[in-house]
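Per the UniProt record's numbering: the sequence shown ends with 255, consecutive numbering throughout.
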Amino acid sequence: MLLRSSLTGLVVTLLLAVLLAASRIFSVEPPETIELTEVEVIELAPPPPPPELSEPEEQTSEDLPPPPTPKIELQDVVTPDTPEIALAISEVPLTTPIQNFQTEMAPAPMPALPKPKPKPKPVAKPKPTPRKSTPAPTRTYTKPTPKPSPRPAPKPVEVTKSYYSAGELDSLPRERYTGKFRWPSSARGTSGTVKLYIEISTSGRVKVLSVVSSTDSALSSAASKIARGSRFTSPTRGGKPVKARFYKTYHLKKP
Numbered sequence: 001m002l003l004r005s006s007l008t009g010l011v012v013t014l015l016l017a018v019l020l021a022a023s024r025i026f027s028v029e030p031p032e033t034i035e036l037t038e039v040e041v042i043e044l045a046p047p048p049p050p051p052e053l054s055e056p057e058e059q060t061s062e063d064l065p066p067p068p069t070p071k072i073e074l075q076d077v078v079t080p081d082t083p084e085i086a087l088a089i090s091e092v093p094l095t096t097p098i099q100n101f102q103t104e105m106a107p108a109p110m111p112a113l114p115k116p117k118p119k120p121k122p123v124a125k126p127k128p129t130p131r132k133s134t135p136a137p138t139r140t141y142t143k144p145t146p147k148p149s150p151r152p153a154p155k156p157v158e159v160t161k162s163y164y165s166a167g168e169l170d171s172l173p174r175e176r177y178t179g180k181f182r183w184p185s186s187a188r189g190t191s192g193t194v195k196l197y198i199e200i201s202t203s204g205r206v207k208v209l210s211v212v213s214s215t216d217s218a219l220s221s222a223a224s225k226i227a228r229g230s231r232f233t234s235p236t237r238g239g240k241p242v243k244a245r246f247y248k249t250y251h252l253k254k255p
């Protein structure tokens, strides 16, 4: 019976606690209502203007009062009375007794002083004889003879030559046209080079002087024909037409 009554009591208390908690959970507070009221705008009066600052007046040194003179208090200086110290004065004799003494040896005699030599008499200097003034020599001025002006050096006489090399010319003669030739049948290959020593006359004609070198002897005669048939501009030295000699190389190709 006791157990049943205690169990029922526990059950009842648990139920009450659950109900209380449920009532608190489900209890919802009503929302607060906010009422809006009109706001009145109040215009405030503007603040008063700041007071004007006046510039401080400059005070000159004449307007300022003189500074007060400082007061100096003088105190009497008292010198302490010091007793005078009596000094004992004693007299000291300034004379000392002299003892007489004697020596067994007699003092050496004093050496005789040398007699002074007589001074030589001054010799009178001979008076200089006055010289006779000689008149200054008269100078004769002659005009200097003008030096002869040096003669100008003679201009070197240019030795005329019968011909001139390529470096002695004003410029190398230009080839106006080239002579024609036939390819020799005895020539080997299809090309060759021949170097000739030629002379060009004042009219531009060519004279073959010698064959210097040739890749094929058969081409030497062909190159000589080309040179003799060619014409050049007249070689000049100092603007004058002259004869010229120089080397010319011909490169021949089979047509």
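All C-beta atoms in this analysis are idealised placements derived from N, C-alpha and C, irrespective of residue type, glycine included.
Best match in the options for proximity to residue i [C-alpha to C-alpha]
i    : options                   : result
F181 : G239, S221, S23 and L19   : S221
F232 : P68, K248 and A218        : K248
S191 : R176, L3 and L219         : L219
A227 : K117, Y197 and P241       : Y197
G204 : V242, S149, L113 and K254 : V242
P187 : G238, K253 and A45        : For clarity, residue 187 is Ala in the given sequence; the question names Pro instead. Of the listed residues, the one whose Cα sits closest to A187 is K253.
A166 : P126, V206 and F246       : F246
V206 : D216, P114 and E175       : E175
G179 : K161, Y250 and K117       : Y250
Per DSSP, cross-strand counterpart(s) of residue i
i           : result
residue 260 : For residue 260 there is no data in the structure shown, the boundaries of the chain being 1 and 255.
V18         : Partner(s): none; V18 has no beta bridge.
P241        : T236
V206        : I200
Y163        : Bridge partners of Y163: none, in fact.
Buried or exposed by the 16-neighbour rule on C-beta atoms within 10 Å, applied to residue i
i    : result
I25  : exposed
Q214 : The sequence as given places Ser at residue 214; Gln does not occur at that position. Counting Cβ neighbours within 10 Å, S214 comes out buried, since at least 16 surround it.
P235 : buried
A153 : exposed
L10  : exposed
S224 : buried
P49  : exposed
S210 : exposed
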